[in-house]
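Here's the structure we're looking at; comments come further down.
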Amino acid sequence: MKKPAIEDKSTSHTGSRLQSLDALRGFDMFWIISAEVIIHGLSQATNLPAFNWMSAELHHSPWNGFTFYDMIFPLFIFIAGVSMPFSFGKQFEKSGVNKLLVKRSIYRSLIKRTIILILLGMVINGALSLPGYENTRFASVLGRIGLSCFFAAVIFLNTNLRGQLIVFVVLLFGYWAALTLIPVPGFGAGVLTPDGNLPAYIDRMFLPGQVLRKVYDPEGILSTIPAIATALLGVFGGRFLRYSFERINKLRKGLILFVTGIVFLLLGLLWDQVFPINKNMWTSSFVLYSGGWSVLLLSMFYLVIDVWGMRKWSMPLVWIGMNSILIYMASHGVVNFESSSHFLFGGLIRLTPEIWHLVWLWTGVALIQLTLLYFLYTRKLFWKI
Numbered sequence: 036m037k038k039p040a041i042e043d044k045s046t047s048h049t050g051s052r053l054q055s056l057d058a059l060r061g062f063d064m065f066w067i068i069s070a071e072v073i074i075h076g077l078s079q080a081t082n083l084p085a086f087n088w089m090s091a092e093l094h095h096s097p098w099n100g101f102t103f104y105d106m107i108f109p110l111f112i113f114i115a116g117v118s119m120p121f122s123f124g125k126q127f128e129k130s131g132v133n134k135l136l137v138k139r140s141i142y143r144s145l146i147k148r149t150i151i152l153i154l155l156g157m158v159i160n161g162a163l164s165l166p167g168y169e170n171t172r173f174a175s176v177l178g179r180i181g182l183s184c185f186f187a188a189v190i191f192l193n194t195n196l197r198g199q200l201i202v203f204v205v206l207l208f209g210y211w212a213a214l215t216l217i218p219v220p221g222f223g224a225g226v227l228t229p230d231g232n233l234p235a236y237i238d239r240m241f242l243p244g245q246v247l248r249k250v251y252d253p254e255g256i257l258s259t260i261p262a263i264a265t266a267l268l269g270v271f272g273g274r275f276l277r278y279s280f281e282r283i284n285k286l287r288k289g290l291i292l293f294v295t296g297i298v299f300l301l302l303g304l305l306w307d308q309v310f311p312i313n314k315n316m317w318t319s320s321f322v323l324y325s326g327g328w329s330v331l332l333l334s335m336f337y338l339v340i341d342v343w344g345m346r347k348w349s350m351p352l353v354w355i356g357m358n359s360i361l362i363y364m365a366s367h368g369v370v371n372f373e374s375s376s377h378f379l380f381g382g383l384i385r386l387t388p389e390i391w392h393l394v395w396l397w398t399g400v401a402l403i404q405l406t407l408l409y410f411l412y413t414r415k416l417f418w419k420i
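Counting the sequence shown from 1 gives a position; the working numbering is that position plus 35.
As structure tokens, this is what we get:
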């Protein structure tokens, strides 16, 4: 039987927690809890080309293509993958010799976490307020995070690096083959339109409850499979950062990651010529292209924070990153931060020109969120699922 990847004897464990990883997670989450609305407001208020460009990038691509906003979701899954070698490795180090019991404990935690994320995703979708089974949307962002990371973790725990690479390649090429070779009734094979692609057909046939886009769901059944590859790409990054090598110091690690990110971007663009970059279908080219940006961002955060030691600026992002699921839930219907900002800052906001109200209102939202997260961080209160 092959030993798990975390028992690789060719390297030694570096051990320390990566502040850059928490900061990158916070950077990713910041855009969807308040920053995007601030940028939209700045675009409207100033009409400056830079803000107009940023505002356009904070919308999803209608179908094929890629924007900054399309990167936020896969980046979060990638970061979850990076953390696996660190979190699982620590559990095995504390376990002594009985690694089988530790694996069972990890499996129980993984199953529990996956179920909780699926249920929380349904809550965000309005499952508690929507009448009838047919109106309930079971697929969700949190559900995809839970499922993709669960399967990536199982692969990581039971295969070595070679096995993980083989699974990664099989997932990407297998998904490409399925979408281009398997015919869809009424459309044929290789059709990649919103209603004619294979994942959309499977969503219409087998996804319970409501399908978000009527003809397909961006977090549907089949398109979750390549998201496992996104998580595995993060695992590869985490393995590389966690272990020390004789001739590769931290600086070289960061630079190698940077070059690797560029390589993945080029591979994604190359595959895009025959298999378009598409977030809704989570195509194989999308995995590589979004993965390239994820690796580039990881390398830059790692170099700046963990290698060059410039840490203080990143602390607000760390506050967000350490409670990312909590603030995501709070910002998507559990807490009305906008009303809180109106209550606290409404008088001051009304003193400014109306065209700036959206900017100041959501700047207030960001301040409230950061204050809450700072309070939780200083008291070491973290919601871990």
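All C-beta atoms in this analysis are idealised placements derived from N, C-alpha and C, irrespective of residue type, glycine included.
Just so it is clear, the structure is predicted and the values come from calculations on it, not from any experiment.
1. In its own chain, which residues sit with a C-beta less than 6 Å from the C-beta of residue 38, not counting the 5 before and 5 after it?
2. The alpha helix (DSSP H) with residue 67 in it runs from where to where?
3. With 16 other CB atoms within 10 Å as the buried threshold, where does residue 28 fall?
4. Who are the Cβ neighbours of residue 86 in its own chain at under 7 Å, not counting the five residues just before and after it?
5. Within 10 angstroms of its Cβ, does residue 164 collect 16 or more other Cβ (buried), or is it exposed?
6. What are the boundary residues of the alpha helix (DSSP H) that includes residue 180?
7. I need the boundaries of the alpha helix (DSSP H) containing residue 274, first residue and last residue.
8. If we call anything under 9 Å between Cβ atoms a contact, is residue 330 one with residue 207?
9. Give the straight-line distance between the Cα atoms of residue 311 and residue 251, rounded to the nearest whole angstrom.
10. Among the residues of its own chain, which have a CB less than 7 Å from the CB of residue 302, if the five just before and after it don't count?
11. Who are the near neighbours of residue 42 in its chain, counting only those whose CB is closer than 7 Å to its CB and skipping five residues on each side?
12. Checking 9 Å against the spacing of the C-beta atoms, do residue 285 and residue 202 come in under that value?
13. Around the Cβ of residue 337, are there at least 16 other Cβ atoms within 10 angstroms (buried) or fewer (exposed)?
14. Let me check one thing: in DSSP terms, what residues is residue 223 bridge-paired to?
15. In this structure, does DSSP put residue 116 in helix, strand or coil?
16. Decide if residue 111 is buried, meaning its Cβ has at least 16 other Cβ atoms within 10 Å, or exposed.
If we stick to the structure as given:
1. Here the model assigns residue 38 a pLDDT of 41, short of 50, so the residue's position is not dependable, and the following value carries that caveat. Correct list: empty, nothing qualifies.
2. Unbroken run through residue 67: none, as it is neither H nor E.
3. Residue 28 falls outside the range modelled here, since the chain spans only 36 to 420, and no answer is possible.
4. 74, 77 and 78
5. exposed
6. 176 to 193
7. 259 to 277
8. no
9. 17 Å
10. 323
11. Unreliable positioning characterises residue 42 in this predicted model, as indicated by a pLDDT of 37, which lies under 50. A coordinate reading is not provided.
12. no
13. buried
14. 219
15. helix
16. buried
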